[in-house]
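Under our numbering, the first residue of the sequence shown is numbered 2, with each subsequent residue one higher.
Glycine included, C-beta positions come from ideal geometry on N, C-alpha and C.
Only a predicted model underlies this, so the values are computations on that prediction, with no experimental measurement involved.
See structure below.
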Amino acid sequence: MTILPSPLKSTLAITSITATVMLSNEKSLVHSLSQSIVAVGLNAALQKRFILPPKVTLEPGNVHRSQSVETGVGGKGQDVGVALSCLMKHDGNVAASEKVLLAQFLGQGPEGDTVSDTLASKFHLSDALTVRNKAPLRTCTTIVASDCATELVETSGEVSGEEMEELNAKIDELTKENGKACGVCIMGSMPPGCKEDTYADLTTRLAGVDTLVLIDSVIGLTPLLSALKTIFNEKDEKSVGGAVLKLNAAELCKLAGVAKSPGGEADRVTMEELTSSTKGFVQKFADAAGALDYLCITDGKYPGYLVEIPQDTAIGSETSFRTWQMPAVDLTTQAKEGMLYPIGAGDTVAAGTLAAWQYLKHCNPGEEFFGVIPPTVGEKLLDVKSEWCKDASCAEEDKGYKMATAFAFGLACGSASCLKQENSVFDVDDAVRFFGGMVKPISQ
Numbered sequence: 002m003t004i005l006p007s008p009l010k011s012t013l014a015i016t017s018i019t020a021t022v023m024l025s026n027e028k029s030l031v032h033s034l035s036q037s038i039v040a041v042g043l044n045a046a047l048q049k050r051f052i053l054p055p056k057v058t059l060e061p062g063n064v065h066r067s068q069s070v071e072t073g074v075g076g077k078g079q080d081v082g083v084a085l086s087c088l089m090k091h092d093g094n095v096a097a098s099e100k101v102l103l104a105q106f107l108g109q110g111p112e113g114d115t116v117s118d119t120l121a122s123k124f125h126l127s128d129a130l131t132v133r134n135k136a137p138l139r140t141c142t143t144i145v146a147s148d149c150a151t152e153l154v155e156t157s158g159e160v161s162g163e164e165m166e167e168l169n170a171k172i173d174e175l176t177k178e179n180g181k182a183c184g185v186c187i188m189g190s191m192p193p194g195c196k197e198d199t200y201a202d203l204t205t206r207l208a209g210v211d212t213l214v215l216i217d218s219v220i221g222l223t224p225l226l227s228a229l230k231t232i233f234n235e236k237d238e239k240s241v242g243g244a245v246l247k248l249n250a251a252e253l254c255k256l257a258g259v260a261k262s263p264g265g266e267a268d269r270v271t272m273e274e275l276t277s278s279t280k281g282f283v284q285k286f287a288d289a290a291g292a293l294d295y296l297c298i299t300d301g302k303y304p305g306y307l308v309e310i311p312q313d314t315a316i317g318s319e320t321s322f323r324t325w326q327m328p329a330v331d332l333t334t335q336a337k338e339g340m341l342y343p344i345g346a347g348d349t350v351a352a353g354t355l356a357a358w359q360y361l362k363h364c365n366p367g368e369e370f371f372g373v374i375p376p377t378v379g380e381k382l383l384d385v386k387s388e389w390c391k392d393a394s395c396a397e398e399d400k401g402y403k404m405a406t407a408f409a410f411g412l413a414c415g416s417a418s419c420l421k422q423e424n425s426v427f428d429v430d431d432a433v434r435f436f437g438g439m440v441k442p443i444s445q
């Protein structure tokens, strides 16, 4: 028997453990796609925060000197990954890479290296669906003043056909062995070089009849809705999949060609505008019926709305839409005490909504939940859902209140992220506190 020196034994032991962990994680990743959320964020960025001294406002045309400059992760899909990581780490779970995958292009060079390293080391997110394309990664700069935050966004580099095929191949390799994803989150714009049907094609590769799909983008919406309708046409009574479109009220009015009130985007949407724009949206996008279950509509600091999409394609002048007015979180006190940071809050809403939706669809009593919601948060979700659903008058209303529970939690996460300077980073305890203080949505 050979006796190894202690340092060498330690080195070999560490190497063995590391290899075992890597193989274990690799195996877990390969066998968990059907339990994972894939955030499709093709337009990543390096986020730079240029922070002005306290009480200094941004004045166009003047010279401004920073108090500090910070760098981090940018891009809507990446923000979703960051927010989901915050949820996963709440109960001390840091080995979470198999639960969330980012389908993304990260440009080569120091900017891409920084984002890649941060996503892996700080947020523990997998790079299994990452393509390091040749174009440099863009930089988005947020100028943080005492009264507002101003965003400067660079143009993205072009993605080549070969690079898109590389991403497709990575997705196909995972789905071939492990089935479709549990959740898919389609986020934001696409870089130059992507075709109009890119999101539709990626969703077809990733999603099946049991996939929960959240869309937070209006790019390529027509082919995407067509693809989703084709997917969900195969559903049966056992299928649990569905899709929602998250957008703000101004975006919905613009898509539907409905003029907002004179105050524009800053003013609260009226019920007349909401009803007209929903009807116009469904008439303009015929495949919305059959593709989408709900619209999740945000309206800045005002209450949001959950609107059910009727599956009857014959939308006439008398068509009504079951609507729930969502509670809003009042951040007035926090705003008086310090600066609010809204950049990335909408992406955090998307992440929180999809994570809660996944939990409410798949949690089973007595079984360990496989998704991103930690047990303590899951218990709160179930309590609120039970309270809100107890007086539902029909199956559709019960289903709506369940979705409203998920959306409300997402709104609470988005509000919590406004308290943190870094994009989409939030304290889960803040989100749970906001969520617990919400009143039951008003069904209209």
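Beta-carbon proximity of residue i to residue j, cut-off 9 angstroms
{"i": "A102", "j": "V39", "result": "The sequence shown places Leu at residue 102, rather than the Ala named in the question. Yes, they are a contact pair."}
{"i": "G189", "j": "G353", "result": "no"}
{"i": "L361", "j": "L382", "result": "yes"}
{"i": "G221", "j": "M191", "result": "yes"}
{"i": "G75", "j": "L47", "result": "yes"}
{"i": "F410", "j": "A356", "result": "yes"}
{"i": "A208", "j": "L229", "result": "yes"}
{"i": "V350", "j": "K247", "result": "yes"}
{"i": "D348", "j": "S277", "result": "no"}
{"i": "K421", "j": "Y342", "result": "yes"}
{"i": "F370", "j": "G291", "result": "no"}
{"i": "R206", "j": "N169", "result": "yes"}
{"i": "A146", "j": "T72", "result": "no"}
{"i": "N179", "j": "S387", "result": "no"}
{"i": "L213", "j": "Q105", "result": "no"}
Option in the options with minimal Cα separation from residue i
{"i": "G194", "options": "M165, K302, G221", "result": "M165"}
{"i": "P304", "options": "M327, A244, I344", "result": "M327"}
{"i": "S86", "options": "F124, L34, C395, Q105", "result": "F124"}
{"i": "S122", "options": "V83, V132, A182", "result": "V83"}
{"i": "P311", "options": "G301, L296, D300, K302", "result": "L296"}
{"i": "D399", "options": "K280, E309, R434", "result": "E309"}
{"i": "Q109", "options": "R133, T199, D211, T119", "result": "R133"}
{"i": "C414", "options": "K236, D198, L332", "result": "L332"}
{"i": "G372", "options": "F51, A292, K100", "result": "K100"}
{"i": "F427", "options": "D80, D268, N44, A129", "result": "D80"}
{"i": "F408", "options": "D148, T151, K441, A336", "result": "K441"}
{"i": "K302", "options": "S321, V330, K285, D294", "result": "V330"}
{"i": "S321", "options": "V214, M404, E388, Q445", "result": "Q445"}
{"i": "L215", "options": "G162, D431, D294, G437", "result": "D294"}
{"i": "S69", "options": "K49, E112, S387", "result": "K49"}
{"i": "M439", "options": "W389, I344, E397", "result": "W389"}
{"i": "H363", "options": "G184, V283, N249, P54", "result": "G184"}
Local Cβ density within 10 Å of residue i, reported as buried at 16 or more and exposed below that
{"i": "L153", "result": "exposed"}
{"i": "A417", "result": "buried"}
{"i": "H65", "result": "exposed"}
{"i": "T204", "result": "buried"}
{"i": "D288", "result": "buried"}
{"i": "D392", "result": "exposed"}
{"i": "G401", "result": "buried"}
{"i": "E238", "result": "exposed"}
{"i": "K196", "result": "exposed"}
{"i": "S240", "result": "exposed"}
{"i": "T131", "result": "buried"}
{"i": "V22", "result": "Low local confidence applies: a pLDDT of 38 at V22 is under 50, so the model's placement there is unreliable, and no value is given."}
{"i": "T324", "result": "buried"}
{"i": "A336", "result": "exposed"}
{"i": "T143", "result": "buried"}
{"i": "D430", "result": "exposed"}
Per-residue DSSP class, three states only, for residue i
{"i": "N179", "result": "helix"}
{"i": "L253", "result": "helix"}
{"i": "F233", "result": "helix"}
{"i": "F370", "result": "coil"}
{"i": "S69", "result": "strand"}
{"i": "Q312", "result": "coil"}
{"i": "R50", "result": "strand"}
{"i": "A329", "result": "coil"}
{"i": "V350", "result": "helix"}
{"i": "I172", "result": "helix"}
{"i": "V219", "result": "coil"}
{"i": "A357", "result": "helix"}
{"i": "S444", "result": "strand"}
{"i": "E152", "result": "strand"}
{"i": "L246", "result": "strand"}
{"i": "T58", "result": "coil"}
{"i": "T204", "result": "helix"}
{"i": "L420", "result": "coil"}
Residue i Cβ short of 8 angstroms to the ligand MG heavy atom set
{"i": "L43", "result": "For the structure depicted, the ligand MG is absent and the ligand set is empty, with no information on it obtainable."}
Test: residue i CB closer than 9 angstroms to a CB of chain B
{"i": "Q48", "result": "Absence of chain B from the displayed structure is noted, only one protein chain being present."}
Starting from the N-terminal side, write out each stretch of the beta strand (DSSP E) that is 3 residues or longer and does not extend beyond the segment 257-305.
-> 295-300
Curious, which full-length beta strand (DSSP E) runs of at least 3 residues does the segment 87-138 contain?
-> 101-106
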